[in-house]
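Q: Residue numbers (my numbering), protein chains in the order written: chain A, 2 to 385; chain B, 69 to 297. For every residue, glycine included, the Cβ atom is placed at its ideal position computed from N, Cα and C.
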C-alpha cells in the first residue's frame, strides 16, 4: 500500500508515477503474470468456445456527446465488436477563464467514447498507450465480468498495447474507467479517464410491459468532477506536464469538493454552438455517466418519459420523472419525447453544481409551439 | 500609442493622486462622441474601462469597501469582480474628486459608442413571438481568459478600446425600460454590455462561471466612465 502522506510529498515525475502505480497494484506479482499470459489465454478460450467462428465488426469510435453507428434491434446473432482506444494525456482548457487540466483520456476526449453493443456480443478492445504518454494506464469495464473488470489484464506502460475481449452478459448502460491502482484510481478518474458502454437488449429497448421503445436521437452526457489546485492567491494553478499536479491535486481531492463539475469535459461544452439539437416529436435517449460521484439529472422544461435510473435495461423503466439519480460509478438512461420547441437546460439539479461549477447542457429544439401545453396569458405588468 | 497612453494614465493615477482638490486624470482619457439621436449631444467616453490601479486608490481612500482579487502588478488591467453597488460607491468617490460629473453610460449610449455591434445582426434563433424568450440563443459569445491589460482588444475609429473584450460593462439602465426613472434604487438588475447584452443582478460580482438556464454568461464584469460635456 502507498502511504498517502508520503505521496503528498513526492516530486512528481515519470519515474515516481511508474513506481507508485506498480507498487499499488493489488497482488501485483500475480496479476502481472496473468497479464503477461493474457494473449495466449484469450486464444485458448477462443478455441474452446468457438468464438473464432463469430463474425467480427469494427466499431468506429466517435467523440461524445455522440454515439457510434449502431442498430437498436440486432439483425444478426452475436458478434465480436472490435474497438480501439488510444490513450492520450493532453492539456485541456476546462472553462472560459482558461483553467487548465492535464486530462488523462481515452481517445482524446472527456469522457471517453461510448461503445454500443447488444447483449451476447463480445467487445474486443485494443488499448494503446503511446510512448508519448508519461503514465501507466488500464481499463475497468463495469459491464464486463472478471479480472477487476479487465483492469488486471490491461495495464499498459507507455509504448505498450493490450487486447481484452469480454462478453456483454448484462444489458444496460455502464461506466468504464482507468484503474491503475491505489490513489492513481481516483486520480485518473478525476482527470477525465472514464466513459460509458451501452449494451442494448438484442430486440431493442422496451417499456417493461412488452412495448418496444425507439429513439430518434441519442446523446451521451459524461459528467466530470475536476479538482484543480489553487495557488496562494486563489488562482487555479497551471502545470507543465501531466501528473505534475499530483500532490496538490490529492489535497483537493481529499476535500471531496470539486472545483468544476462539467458535462463533456469542459464548462459550456454542450451549450451555444455545440448545444444538443432535436425537433418536436423526436424521442431522444440521454445516457448520463458519472464514474466518481452522485448526480441528479433534470431536464428544465421537460421530463424523463422513461428512466432506467440504475442503468439496467432488464429493469422496468420508471416513467414521467422530474429528476433522476445517477449513482457515482454508474450510468443511467432517460428517454424523452420533445413536445415543445425552444431551449431546454439539461442540468445536474444540484443547482450550485449546474450554475456555478458547470454541469449544464442545452438542447435547442425546433418545431411548432403548442399553446395547449403552455401559454403566457398575461405578460409581466404592474400589480393591479 | 494607445498602450503608452494607458501606461501614462496608470502612472498618473498611481503616483499623482493625492486626494486633494480636483483630480482630472480620469477626464484626460475621455473621447468626445456626438450622439446623433440626442440632438447632437456630446458625451465624453473613457477610452478604457476603469483599471485595478484606479480602484485600488478608491479602496485605499476608503471610498470603495470591496477590493476584488487581482494578480500582482495588474494595475493596468480593467477592474473586474465589482457589482453595481460597488460601482456606485466608486462613482461617489470619483465624483468627489473630479471636476467633471462622472457616471455610467445608459445602454442606449453604450450602443451608440459601439459602431459595430457584434452579434446583433445574427438572425434570431426562433422567430415565433411565443419563443421570444429563446430567440437570441447562441448569439452570446464571450472572449475567454482572464482580464487583459487595457487596450488589448480592438478600438473604435474614435479610439474607444476594448468594447469587444472579455469584460462586460455595467450600464445605468435597468433591465426593465422605464423602471429606473420611477425608482432607480429599486431596480434589481441592470444591463451589462459586451459582445452581447446581459441582464445582471446588481449584487453579482462574478457572473455565473458555470451555466445559465438560457445562454452564456459574460466572462467578467467591469465598467467604463462617461461624462456629459
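With DSSP as the reference, identify every bridge partner of residue 322 of chain A, one or two as the case may be.
A: Locating residue 322 of chain A in the first chain gives position 321, where the first residue counts as 1. Paired residues: A:305.
Q: Taking Cβ positions only, does residue 212 of chain B come closer than 8 Å to chain A?
A: As a first step, residue 212 of chain B is located in the second chain; it is residue number 144 there, counting from the start. Judged by the 8 Å Cβ criterion, residue 212 of chain B is in contact with chain A.
Q: Find out if the Cβ-Cβ distance for the pair residue 136 of chain B, residue 150 of chain B is shorter than 8 Å.
A: Along the second chain, read from residue 1 onward, the residue named residue 136 of chain B stands at position 68. Along the second chain, read from residue 1 onward, the residue named residue 150 of chain B stands at position 82. A contact, by the Cβ cut-off of 8 Å.
Q: Quick one: which residues of the segment 292-312 of chain A get their C-beta closer than 9 Å to a C-beta of chain B? List them in chain order.
A: Against chain B - using a Cβ distance shorter than 9 Å - the residues of the segment 292-312 of chain A are 301 and 302.
Q: Per DSSP, which residues does residue 224 of chain A bridge with? Please list them.
A: By 1-based counting over the first chain, the position of residue 224 of chain A is 223. Paired residue(s): A:264.
Q: Under the three-state reduction of DSSP, which class applies to residue 186 of chain A: helix, strand or coil?
A: Counting from one through the first chain, the residue named residue 186 of chain A turns up at place 185. Of the three classes helix, strand and coil, the one that applies to residue 186 of chain A here is helix, per DSSP.
Q: Does residue 373 of chain A have its Cβ less than 8 Å from a Cβ in chain B?
A: Looking up residue 373 of chain A in the first chain gives position 372. Chain B, which has no Cβ nearer than 8 Å to the Cβ of residue 373 of chain A, makes this no.
Q: Report back the beta-carbon spacing between residue 157 of chain A and residue 139 of chain A to the nearest angstrom; my notes put them in contact at under 8 Å.
A: Sequence index remark: in the first chain, residue 157 of chain A carries index 156 (1-based). Sequence index remark: in the first chain, residue 139 of chain A carries index 138 (1-based). The pair is a contact, with the Cβ atoms about 7 Å apart (cut-off 8 Å).
Q: Give a yes or no on whether the minimum CB-CB distance between residue 342 of chain A and chain B is below 8 Å.
A: Here residue 342 of chain A is taken as the residue at index 341 of the first chain, counted from 1. It does; some Cβ of chain B falls within 8 Å.
Q: With distance defined between alpha-carbon atoms, name the residue in B:256, B:255 and B:229 nearest to residue 262 of chain B.
A: Locating residue 262 of chain B in the second chain gives position 194, where the first residue counts as 1. Of the listed residues, the one whose Cα sits closest to residue 262 of chain B is B:229.
Q: Buried or exposed for residue 231 of chain B, please, with buried defined as at least 16 other CB atoms from any protein chain shown within 10 angstroms of its CB.
A: Counted from its first residue, the second chain places residue 231 of chain B at position 163. Residue 231 of chain B is buried by the Cβ-count criterion.
Q: For residue 90 of chain A, return the contacting residues in chain B, with the cut-off set at a CB-CB distance below 7 Å.
A: What you label residue 90 of chain A is simply residue 89 of the first chain in a count that begins at 1. Residues of chain B passing the Cβ test: none, with the nearest at roughly 23 Å.
Q: At the 8 Å Cβ level, is residue 271 of chain B part of the contact set with chain A, yes or no?
A: Locating residue 271 of chain B in the second chain gives position 203, where the first residue counts as 1. It does not: the Cβ of residue 271 of chain B has no partner Cβ on chain A nearer than 8 Å.
Q: For a quick check, are the C-beta atoms of residue 131 of chain B and residue 178 of chain B less than 8 Å apart?
A: In the second chain, residue 131 of chain B corresponds to position 63, counting from 1. In the second chain, residue 178 of chain B corresponds to position 110, counting from 1. No, the Cβ-Cβ distance between residue 131 of chain B and residue 178 of chain B is not below 8 Å.
Q: So, residue 268 of chain A versus residue 260 of chain A, is the Cβ gap smaller than 8 Å?
A: Translated into the one-based positions of the first chain, residue 268 of chain A becomes position 267. Translated into the one-based positions of the first chain, residue 260 of chain A becomes position 259. No. Outside cutoff.
Q: In the DSSP assignment, find the unbroken beta strand (DSSP E) run with residue 249 of chain A in it and report its ends.
A: Translated into the one-based positions of the first chain, residue 249 of chain A becomes position 248. Note, residue 249 of chain A: premise wrong, no beta strand (DSSP E); alpha helix (DSSP H) at 247-255.
Q: For a test of the three-state rule: what should DSSP assign to residue 213 of chain A, helix, strand or coil?
A: Your numbering for residue 213 of chain A matches position 212 in the first chain. Strand.
Q: Here's the rule: buried if 16 or more other CB atoms are within 10 angstroms of the residue's CB, otherwise exposed. What is residue 238 of chain B?
A: Looking up residue 238 of chain B in the second chain gives position 170. Residue 238 of chain B should be labelled buried.
Q: Looking at C-alpha atoms only, which residue of A:67, A:60 and A:59 is the closest neighbour of residue 278 of chain A?
A: Looking up residue 278 of chain A in the first chain gives position 277. With distances taken between Cα atoms, residue 278 of chain A lies closest to A:67.
Q: With distance defined between alpha-carbon atoms, name the residue in A:126, A:276, A:255 and A:230 nearest to residue 1 of chain A.
A: Only positions 2 to 385 of chain A appear in the structure, and residue 1 of chain A is not among them; the question remains open.
Q: Assuming residue 325 of chain A and residue 318 of chain A make a contact with CB atoms under 8 Å, what is their CB distance in whole Å?
A: Here residue 325 of chain A corresponds to residue number 324 of the first chain, with the count starting at 1. Here residue 318 of chain A corresponds to residue number 317 of the first chain, with the count starting at 1. No, residue 325 of chain A and residue 318 of chain A are not in contact; Cβ-Cβ is about 10 Å, not under 8 Å.
Q: Given residue 209 of chain A, which residues of its chain have a CB within under 8 Å of its CB, disregarding the five upstream and five downstream residues?
A: Along the first chain, one-based indexing puts residue 209 of chain A at 208. Excluding positions up to five away in sequence, the list reads 316, 317 and 318.
Q: Mind checking if residue 137 of chain B is an interface residue toward chain A, Cβ cutoff 8 Å exclusive?
A: As a position in the second chain, residue 137 of chain B is number 69, starting the count at 1. Yes, its Cβ sits closer than 8 Å to a Cβ of chain A.
Q: Using the Cα positions of residue 136 of chain A and residue 159 of chain A, report the straight-line distance between them to the nearest angstrom.
A: By one-based count along the first chain, residue 136 of chain A stands at place 135. By one-based count along the first chain, residue 159 of chain A stands at place 158. Their Cα atoms are separated by approximately 6 Å.
Q: Go through its chain and collect everything with a Cβ distance to residue 169 of chain B's Cβ below 8 Å, but skip five positions before and after it.
A: For the purposes of this step, residue 169 of chain B is taken as residue 101 along the second chain, with counting starting at 1. Contacts found: 163, 295 and 296.
Q: Can you tell me whether DSSP reads residue 354 of chain A as helix, strand or coil?
A: The residue given as residue 354 of chain A occupies position 353 in the first chain. Note: residue 354 of chain A maps to helix in three-state DSSP.
Q: Quick one: residues in its chain with C-beta nearer than 7 Å to the C-beta of residue 176 of chain A, no 5 flanking neighbours on either side, listed in chain order?
A: The sequence position of residue 176 of chain A within the first chain is 175, counting from 1. These residues qualify, in order along the chain: 143, 195, 197, 290, 292, 330, 331 and 332.
Q: What does a CB cutoff of less than 8 Å around residue 58 of chain A pick up in its chain, not counting 5 residues either side in sequence?
A: Residue mapping note: residue 58 of chain A aligns to position 57 of the first chain, counting from 1. Answer for residue 58 of chain A: 80, 81, 82 and 83, listed in chain order.
Q: For residue 98 of chain A and chain B, any beta-carbon pair shorter than 8 Å?
A: In the first chain, the residue the question calls residue 98 of chain A occupies position 97. It does; some Cβ of chain B falls within 8 Å.
Q: Is the separation between the beta-carbon of residue 307 of chain A and that of residue 320 of chain A shorter than 8 Å?
A: As a position in the first chain, residue 307 of chain A is number 306, starting the count at 1. As a position in the first chain, residue 320 of chain A is number 319, starting the count at 1. It is a contact, given that the beta carbons lie within the stated cut-off.
Q: Could you tell me whether the segment 85-94 of chain A touches the segment 68-75 of chain A, where touching means 3 or more Cβ pairs closer than 8 Å?
A: Result no; under three Cβ-Cβ pairs closer than 8 Å.
Q: Checking 8 Å against the spacing of the C-beta atoms, do residue 130 of chain A and residue 162 of chain A come in under that value?
A: For the purposes of this step, residue 130 of chain A is taken as the residue at position 129 of the first chain. For the purposes of this step, residue 162 of chain A is taken as the residue at position 161 of the first chain. In this structure, residue 162 of chain A lies closer than 8 Å to residue 130 of chain A by Cβ.
Q: Apart from the five residues on each side of it in sequence, which residues of its chain come closer than 6 Å, Cβ to Cβ, to residue 272 of chain B?
A: Along the second chain, read from residue 1 onward, the residue named residue 272 of chain B stands at position 204. Correct list, in chain order: 151.
Q: Along the segment 245-274 of chain A, what residues have a CB closer than 7 Å to any CB found in chain B?
A: The segment 245-274 of chain A vs chain B, Cβ under 7 Å: 268, 269, 272, 273 and 274.
Q: Could you tell me which chain B residues have their CB closer than 7 Å to the CB of residue 234 of chain A, listed as they occur along the chain?
A: For the purposes of this step, residue 234 of chain A is identified with residue 233 of the first chain, where counting begins at 1. Neighbours of residue 234 of chain A on chain B, chain order: 137.
Q: Is the segment 105-113 of chain B touching the segment 201-221 of chain B, taking contact as three or more C-beta pairs under 8 Å?
A: Judged by Cβ distances under 8 Å, the segment 105-113 of chain B makes no contact with the segment 201-221 of chain B, as fewer than three pairs qualify.
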